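First comes the structure, then the notes that go with it.
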Amino acid sequence: MANYRQIFRSTGLLGSVQLLYILIAILRNKVAAIFIGAAGMGLADLYARTIELLGSATNFGLGMSAVKQLAELCGEEEQQKEKSSARSLRPFSSVVYKQVCVIRTWVLLTAILGTLTCLALAPLLSRWATDSPNHTKAFYLLAPMVGLTTLTGGEMAILKATRRLRRLATATSAGAVATLFLTSSLYAWLGVKGIVPALVLSAAGLFVFHLQAATRDFPYHINPFRSSIVRKGLPLVRLGTAFILAGIMTSGAEMIIRSALMYNQAGTALIGLYAAGLALTVSYARMIFVAMDAEYFPRLTTVLGNRRETNLTINLQINSLIVLMSPFLLTFCLFLPLIVRLLYTEEFLDIIPMVICAAPFMYFKAIYTPIAYLPLAHGDSVRYMTMEFIYNVVFCIAVIVGFTYGGLWGAGIGLTLANLFDLLLISLSYSLHYGYRMNADTLRRSVLLLFPLLTGLYCAWHPSFPLRIAGGSCCLLLMVALSWSVFKRIKRR
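Just so we're aligned, residue 731 is where the sequence shown starts under the numbering used here, counting upward by one.
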């Protein structure tokens, strides 16, 4: 089982990559604003989101399910190596190499499916996304981007499952820098006409970097014409489809909320503020979860056969997340006025109460997310779908009711209550079905950090400037001290 030192090292490595990605995205947006303007940026975002949606609908979630199956095989192989004194010249067994072949074969098939689907639906996509047939040619040219994105996801899954995290971080960082260079050059040279080639070449660059990283251990080999290889991939598709449907439910919940707000005559401006507040709440804290996903899910998958090890792994991950998340959230909220002015304009200052009220939303997510991986790790797609459906129903109700009675800050309260409900539901349900138990130290630590977080958030919202600065700073120092003492304790283990 991994220790805290390994978790913090992996989170720091992959979290720094996410931070680099965010900074490069900001630079890329600045370059785009100069050379293609707001209209061009809107068009590029529209193309990218449409292709992303199409890719998600046609890749069958193989990026997630492949990590589970391959990580299980690697875990079994590690256990066999520990029991056996024999040494192999190859880092992995033939079984692992065959499974990588299965994964790549199915990823290639879904990449082809996505590309052909984009070509077939290009006229419809143009009308649906832009309300005009004038962009049909652009969607024809963007079709390879669907396949390239799917192929990149397959190589990333292989790197995650085999714990090649440093290579993954290097490939992702190099791809981000290359994307910035390509985008800047094409926008400066071609202007708006450079949007499509920039998107396609960026996707190709990301694939090349990740393919190079993965083929160092696994030379590229596929066999789409062998029926046994295709049959072995069917379990991947079944689990991955559940993951995709859950994502569609989440997107549907967001659409329902926006439609309900329009029905309540909130107006597009207020809905825009809600969207900006939600993005601000989730986007930057999300880099901690993205870093966790690459390292934690394969590790959890390998210990499922031992309930004690599974519980220890989950509790260890919760401790690591809350120690990182709690000071980050309070610091972020204390500097919200400055952050909003830097990222948006002064008319967006109205989202500050919503973001402050929604900050516990991310803290509760830090507690339950490691637990929520259990059905995916077990391959229990039905239970995973059921829990996602229940959460999205509660999420819609909480946010709509909160917005109706409290406006933006009420929506923030609704977000927090929805995730508190999800925390309680997941903890209860998975303790019954999977035998998960949160140990006393983890529970005590979660409560201990929650109180100064809530007090600090109250200070951050208070209109009195001296109280906001003094109170918020004191709470932040207390949280940092508590987090540091926790880190020192767990570091000694």
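Every residue, glycine too, gets a C-beta built ideally from N, C-alpha and C. Since the model is a prediction, treat every value here as computed from it, not as a measurement.
Distance between residue j and residue i (C-alpha atoms, nearest Å)
i	j	result
A1089	M1017	15 angstroms
E881	T1185	Contrary to the premise, residue 881 reads as Leu rather than Glu in this sequence. C-alpha separation (whole angstroms): 46 angstroms.
S1213	L1054	8 angstroms
A762	S1013	20 angstroms
A852	L838	21 angstroms
G805	A901	24 angstroms
I808	Y1166	The amino acid occupying residue 808 in the given sequence is Glu; Ile does not appear at that position. Roughly 24 angstroms between the two C-alpha positions.
S914	A868	19 angstroms
A908	G935	7 angstroms
N1041	L1066	36 angstroms
M794	G970	6 angstroms
F1019	F1058	13 angstroms
G1002	L966	38 angstroms
I925	G770	8 angstroms
G712	L1000	Coverage of the chain is limited to positions 731 through 1223, which leaves residue 712 absent and any answer about it impossible.
G877	N1122	30 angstroms
F1027	T835	23 angstroms
F1130	L1104	Correcting the residue type first, residue 1130 is Ile in the shown sequence and not Phe. Answer to the nearest angstrom: the Cα atoms are 30 angstroms apart.
Q810	R1071	56 angstroms
R779	D1171	43 angstroms
V1177	A1141	24 angstroms
F939	S903	9 angstroms
S932	G884	17 angstroms
F937	S856	26 angstroms
I833	L792	8 angstroms
L1187	A1005	21 angstroms
R1113	L1154	16 angstroms
As assigned by DSSP and simplified to three states, the class of residue i
i	result
H1108	helix
V830	helix
H940	helix
L1034	coil
D947	coil
S957	helix
R988	helix
M1225	Nothing about residue 1225 can be reported from this structure: the residues present for the chain run from 731 to 1223 only.
M731	Since pLDDT at M731 reaches only 48, below the 50 mark, its modelled position is unreliable, and the value read off the structure follows with that caveat. In the structure shown, M731 sits in coil (DSSP, three-state: anything other than H, G, I, E or B).
A1009	helix
Y751	helix
R896	helix
F1119	helix
S791	A quick correction: the sequence has Gly, not Ser, at residue 791. Of the three classes helix, strand and coil, the one that applies to G791 here is coil, per DSSP.
S1176	helix
D1080	helix
P1090	helix
L1212	helix
S1203	helix
P1193	coil
With 16 other Cβ atoms within 10 Å as the buried cut-off, status of residue i
i	result
M731	Any reading at M731 is ruled out, since the residue's pLDDT is 48, under 50, leaving its predicted position unreliable.
W919	exposed
Y1135	exposed
W858	exposed
H865	buried
E802	buried
R896	exposed
L753	exposed
I974	buried
S786	buried
K890	buried
K798	buried
R1227	There is simply no residue 1227 to check, as the chain begins at 731 and stops at 1223 in what is shown.
S676	Because the chain in this structure spans residues 731 to 1223, residue 676 falls outside the shown range and cannot be described.
8 angstroms CB neighbourhood of residue i in its chain, flanking five on each side removed
i	result
I1156	Y1098, I1101, A1102, M1117
L1183	S1056, L1059, L1060, A1089, P1090, Y1093, C1205, M1209
D723	The question about residue 723 has no answer, for the chain in this structure spans 731 to 1223.
C1126	A983, I986, I987, A990
A774	A762, I766, I925, A928, L929
Cβ neighbours of residue i in the same chain (closer than 7 angstroms, five flanking residues each side left out)
i	result
R1198	C1189, A1190, H1192
K1095	N1149
N1169	N1045
L757	L910
M979	E1118, F1119, N1122
Y870	L849, A852
G977	S786
Own chain, CB closer than 6 angstroms to residue i, minus 5 neighbours either side, in chain order
i	result
I1143	C1087, G1132
T860	none
L1051	A1096
V747	A899, T902, S903
R946	none
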